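Shown next, in structure tokens, is the structure this report addresses.
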Amino acid sequence: MSLLLDIRGLDKRFGGLHVTRGVSFQLRAGDRLALIGPNGAGKTTLVNQVSGVLRPDAGEIRLRGENVTRLGQARRVRLGLARTFQITTLAPHLPVQRQIEMALFEREGLGGRAWRSVDAYPALNAEAQGLLQRFGLRAQAATPTEDLAYGEQRLVEMALALALRPRVLLLDEPMAGVPKGDGARLLAALDSLPRDLAVLIIEHDMDLVFRFASRIVVLAEGAVLADGSPDEIRRDPKVRAAYLGTPA
Amino acid sequence: MTVLFNIAVDGLAYGMVLFVIAVGLSLTLGLMRFVNLSHCAFAMVGGYCAAFLVRQAQWNFWLAVPAAIIATAALGAVLEMLVLRHLYRRKELDQVLFTIGLSFFLIAATNALAGPQVQLIPLPPGLAGSVDLGFRTLPAQRLLVIGAGLAVAAGAAWIVARTRFGVWLRAAVDHSGTASSLGIPIRVVQCASFAAGAALAGFGGILGAELMPLEPYYALKYLVLVLVVVAVGGMGSIAGSLAAAVVLGVIETASKYLASDWGSLFFFLAMAALLAWRPDGLLKR
Amino acid sequence: MNTSTTLQGPAKAPSEARHAAAPRCRPAWRAPLVVLALGALACALLPEQLGLMTRIFIAALFVLSLDLVVGVAGLATLGHAAVFGTGAYAAGIFALKVMPDPLAGLAIGIGAGGLLALASGAFLLRYQGFTFLMLTVAVAQIVLSLAQKARDWTGGDDGLSGFTVGPLLGHFAFDLEGRVAAFYALAVLVLMHYVARRLVDSPFGLAVRGIHENRARMAALGTPVYRRLLAMYAAAGAIAGAAGALSAQTNAIVGLDSLSFALSAEALVMLILGGAGRLSGALVGAVVFTLLHHTAASINPYHWLFVVGFMLMAVVLVSPAKAWGWLRRRVGAAS
Amino acid sequence: MLFSRRALVRALAASSFVLAAAQAHAQSVKIGIVGPFSGPFAHYGALFKAAAEAYVAGQGGKLGGREVELIYRDTGGPNPAQAKGLVQELIVKDKVDYLGGFVFTPNALAVAPLIQQSQTPTVIFNAATSAITEKSDYFVRTGYTLWQVTVPLARWAAKQHIARVVTAVTDYGPGLDAEAAFKNEFARQGGTVVESIRMPIATTDFGPFVQRIKASGAQAVYTFLPGGPPNLGFIKAYNENGLARSGVRFLGTAETDEFDLQKFGDSAVGLTTAFHYSGAHDSAANKAFVAALKKQDPGAVANYASVGAWDGMYVIQKMIEATGGRKDGPKAIAAARALQWESPRGPVRIDGKTRHITQDVYLRQVEMVGGVAVNKEVESFGPQLDHGLAQ
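Laid out in structure tokens, this is it:
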């Protein structure tokens, strides 16, 4: 399967704090990589560097062969990278369907169209409604995003990422704070992700990690502690000591 | 050579006046996150009170000034308790609209009560004359302003940084919920700090009356000038406001000496450059 | 995308899900048509107040352009007079030195306003919040100082006058009563309102509204945030330039007050009064404030500030929505 | 019976009363007074109102035998768009017969086309830029122009063997007019203007400019400043930096105007100005004017603004008499062109060609008379026409 994301020697400091230490790993189409580690291990900071929110001090990020380390988020999205946020980051007053359509317009490069109304793009309107249908949010199409339940807002985050038809999807703790009831739909969404999509997910729920992930990277104090299959990681003494707390 | 001295001396004096008036707004804007565009109206009230006390009521200058400051603080406290406290959580634009309305109201009230003429605060003999600095003379009143400005800067910085009230104030602003849960009397702190802001404004109005004569339209006339100093100095930063006031004061004075027919063009060019260079405040990285 | 399993939400009948309301924009021509009707009605009912009507239409157009910047793009500005005044001076100088035709002058005003907004926006939009607000003040004051300095072009303090504006479309001369001026201003207001409505309802408008509500989200969707904001800022500048040109042509004079801080502050007050973000709020705010100011000033030319100041404070304390609600309950209870 | 008879009678009575009132109303002459009644220049408006109403009261409430209705409109400040809107409303809606007021040049220029088209005689009480009366045949000016008062001052200064003068004017319309008038005449009289300082209109700290004046080595400074705060600030800086002591004489026009004069205290003594009106002008007409003004509004001050309004009402009265109270612009203006009378400021006449007031200009020095500062008229330069238009 083709190499989509290639990270080599990523390094980042916040003043004296060394938050990312020489992180390297690859992501191929179809991968289901879980990024785990204790709080403060630098997981979100790593995702922020890969997605272009933060700029690394050193190292290289190659997306489908192109070096995007210095490029902005827009270029990375066009190359097929999409992400969700740990803290829900949505436009509160816009109706949910408009939120999705915004992503579709950007994907189709129509973000600059200033004359025809948003309702004059039937194909994209329909696609947006289809996506909402898929996430069970079709009934809330006209509801402002802030009026949705927290779990449903997490679904909107994921729907937005998928609306961009990404090749690489970064999920930053999609299940964080989601009550059991809404969790089911999120899990179903995870299972129904396209086969050839490369997914990196930051997650604390070990049951989900071991059920979903085909590969696990363990991060501790900003550095890669271990990188391997779920079984290798379960047995790896270093991981057990640093993370699961039981002595080697 | 004397031109440079002149620019420095006049610039410093003018800058200190700007600082004394602006520091109160920097506190209310920065430390209380409250966009109080009626700040200059409080400066006007302070000035009018002092003028009334000294001229009509024949009080001694050194007695009238503190009394006027206390009166302005009282007005600030009353308005804060009655009306302004409902606005703390409101959107910035709502605060702008309300405080502009309040300024209009205070302008109309002053115009109705004291008429449109300029109110002068007669200075005591000690301050009325000029002091000879060797190469030139400088009005004694300017020296008072420079001294008072430095005192206000030091005092305000000390209170905010060192005293319990300062700690309470900063806590109340960052997160009033947690602060009140720690037993900090939020309402008292908010009311007291707004009153302090009004008092500082009143004090600035009195000291600045030499350069910015007191007339009803004062409240809106110098608003832009004060906002500029607060923005360049950085909201809530007392040292920043001091530095910004002096720098802008010197630049404005230099343009008067060297290129006065360009009006206040250089003042605003300098402001834009400083703000673009240090958006969060002159002394903040 | 090979998966098509629909994720059924908690027990919802499929048919009901399909008919749930999708958000639909109201047709863009509807609101402007209402404005046209109301404006024409007002001019018909008050033939002796056409001068006031013209000033209201121009103020409404200016506040409409401000709404694009403050309400839609979320950029609080106190320097919007810069583009209004530049449009006015451009149209005035054009009429004086080149051609008195009003429509050509209007186009020049639009171009001048748009260009200045583009140039100043390129610098301003690197900043946000209070810093952006104060930088807009600086830009407006710099333009004002330059206009005062370029005395032989702008007439300085005495204002730019002496230019005549030719008849509209060749044969509607601007008359004393101001009838042609009023309908000309109304027509441009309605046209620009339609343009603004189209802008806001377009994908571009949606992206700018998205940026207003959450920049991080839009950046994550790949939106070129800076470019979108600059485009909206320039569009608003063009519309403000049109308002400035109308003011120059209907008054046959341009004063330095068209670049003043007071004008920017008054426009912002009108916008907040009417409610930002809906475009219609801008028009309501402009009409209400101008009428309030006009009537209060004619009743008592000296202390009208009391009334306006009190009204502004009241509007913030008792939000208009609650006021309407209270009023409706009263009326409801009475009838 | 739809109506009871009593109701019918009452209705008839009521309608006849209304008709009568409308009738009387129709005959009264409407005069629109346009000026700043709010904002930073509100004192001009207050003075116009006091002087105009004092004049009408002095005439027993009638002008030319007609009831008079004064309508005030506030322009707030230099705001041409608003001024035009207000005047358009006064002419079209309120159907005024005459207009008066105007402090700012842009406001006057804005209404010129309106009064020309509607043939409404408009008396300019104060705006001082020469070119205004050229913009419409229906402008009459009872104020002054800067050229009119500056040229005689420049001639006097040259005669006093003052060779080197520095000009320091506020950088706006009238200020530049004043600077040009002084430089032009002083050069013609053989004097040299060593430096022309322009002070921005928003200046509050005049210290630097006074330092520049001191450094220029001039024997005198000719200055022009708008009334109120700038005026006060400049003269205070002039005193605080001891310019009088170091031999730099003060030459001004409206700077020692009665409205601000008392605020200078005795530091103003000796300031020399040339102007067309002084509160202390020694004439019966002036005493009557000052008394009438005091009776009408104790707060009002007899100065160039109030005398401009007072004389303006005189001109309007004469125009009403000439047209029998009916609205007839050309006839009224023709009458105005021929007017000559004894004004509180002294003998004046309206110049037939330029419709501008020709008036005596006096040299004055500030003196303390009974603890009150006054502009003592020391010398008269005789009648002066508007030298600005002569250029």
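Protein chains in written order, with the numbering used here: chain A, 1 to 248; chain B, 249 to 533; chain C, 534 to 868; chain D, 869 to 1259.
We treat Cβ as the ideally placed atom computed from N, Cα and C, and that holds for glycine.
On a predicted model such as this, the values are computed, not experimentally measured, just so you know.
query: What do you reckon, are the CB atoms on A103 of chain A and A163 of chain A nearer than 9 Å?; result: yes
query: Can you list, in chain order, the residues of its chain with a C-beta nearer than 7 Å to that of V848 of chain C? Leave out the 5 residues immediately preceding and following it.; result: L806
query: For A890 of chain D, count neighbouring Cβ atoms within 10 angstroms of its own Cβ and tell me buried if that reaches 16, exposed if not.; result: A caution first: A890 of chain D carries a pLDDT of 46, below 50, which makes its placement in the model too unreliable to give a value.
query: Can you tell which of B:Q389, B:V421 and B:S274 has its C-alpha closest to the C-alpha of A376 of chain B?; result: B:Q389
query: Using a Cβ cut-off of 9 Å (strictly closer), state whether V366 of chain B contacts chain D.; result: yes
query: So is M1067 of chain D in contact with chain B if we call contact Cβ pairs under 9 Å?; result: yes
query: Could you tell me the distance, in whole angstroms, from the CA atom of A892 of chain D to the CA atom of E1189 of chain D?; result: Note that A892 of chain D scores a pLDDT of 47, beneath 50, so its modelled location is shaky and nothing firm can be said.
query: In three-state DSSP terms, what is E463 of chain B?; result: coil
query: Among C:V864, C:I772 and C:V851, which has the Cα closest to the Cα of F346 of chain B?; result: C:V851
query: A114 of chain A: which of C:V802, C:L754, C:Y727 and C:A815 sits nearest, CA to CA?; result: C:Y727
query: Please identify, using Cβ separations under 9 Å, the residues of the segment 821-841 of chain C that lie next to chain F, in order along the chain.; result: The structure shown contains no chain F; its protein chains are A, B, C and D.
query: Taking the DSSP output, what are the residues bridged to F1143 of chain D?; result: D:Y1230
query: Comparing C-alpha positions only, which one of B:V421, B:G397, B:C297 and B:A457 sits nearest to G484 of chain B?; result: B:V421
query: What does DSSP give as the partner residue(s) for Y150 of chain A in the beta ladder?; result: Y150 of chain A is not bridged to any residue.
query: Indicate whether L666 of chain C and A609 of chain C have their beta-carbon atoms separated by less than 9 Å.; result: yes
query: Thinking C-alpha only, which one of B:A405, B:P370, B:V302 and B:A443 is nearest A321 of chain B?; result: B:A443
query: If you run the structure through DSSP and keep just helix, strand and coil, what is N67 of chain A?; result: strand
query: L938 of chain D and V960 of chain D - do their beta-carbons sit closer together than 9 Å?; result: no
query: Tell me the DSSP secondary structure of A58 of chain A in three-state form.; result: strand
query: D1039 of chain D and R1066 of chain D: beta carbons closer than 9 Å?; result: yes
query: In terms of alpha-carbon separation, which member of B:M280, B:I318 and B:A447 lies closest to I434 of chain B?; result: B:M280
query: Can you tell me which of the three DSSP states K963 of chain D falls into?; result: coil
query: Mind checking F14 of chain A: buried by the 16 CB within 10 Å criterion, or exposed?; result: exposed
query: Using a Cβ-Cβ cut-off of less than 7 Å, give me the residues of the segment 437-463 of chain B that come near chain D, in sequence order.; result: L459, M460, P461 and E463
query: With distance defined between alpha-carbon atoms, name the residue in A:F135, A:P95 and A:N39 nearest to A159 of chain A.; result: A:F135
query: Starting from the C-beta of A1136 of chain D, find all residues in its chain whose C-beta is less than 7 Å away, skip the five residues before and the five after it, and write them out in chain order.; result: I1103, T1124, L1129, V1234 and A1241
query: Please state whether the Cβ-Cβ distance between G711 of chain C and I786 of chain C is less than 9 Å.; result: no
query: Helix, strand or coil: which one does DSSP assign to M249 of chain B?; result: coil
query: Could you name each continuous beta strand (DSSP E) segment of 3 residues or more that falls completely within the segment 1112-1199 of chain D, going from the start of the chain to the end?; result: 1117-1120 and 1140-1143
query: Beta carbon of A573 of chain C, beta carbon of V820 of chain C: below 9 Å?; result: no
query: Looking at the structure shown, is H423 of chain B part of a helix, part of a strand, or coil, going by DSSP?; result: coil
query: Could you check whether the Cβ of P1343 of chain D sits closer than 9 Å to any Cβ belonging to chain C?; result: Look at the range of chain D in this structure, 869 to 1259, and you will see that residue 1343 of chain D is not part of it.
query: Taking Cβ-Cβ distances shorter than 7 Å, what residues in chain C pair up with M519 of chain B?; result: A671
query: Applying the criterion that 16 or more other CB atoms from any shown protein chain within 10 Å of the CB defines a buried residue, is D482 of chain C buried or exposed?; result: An answer regarding residue 482 of chain C cannot be provided, because it is not within the stretch 534 to 868 covered by chain C.
query: By Cβ distance below 6 Å, which residues in the same chain neighbour R107 of chain A in space, the five residues on each side in sequence not counted?; result: L164
query: Any idea if S429 of chain B is buried or exposed, counting beta-carbon neighbours within 10 angstroms, 16 or more meaning buried?; result: exposed
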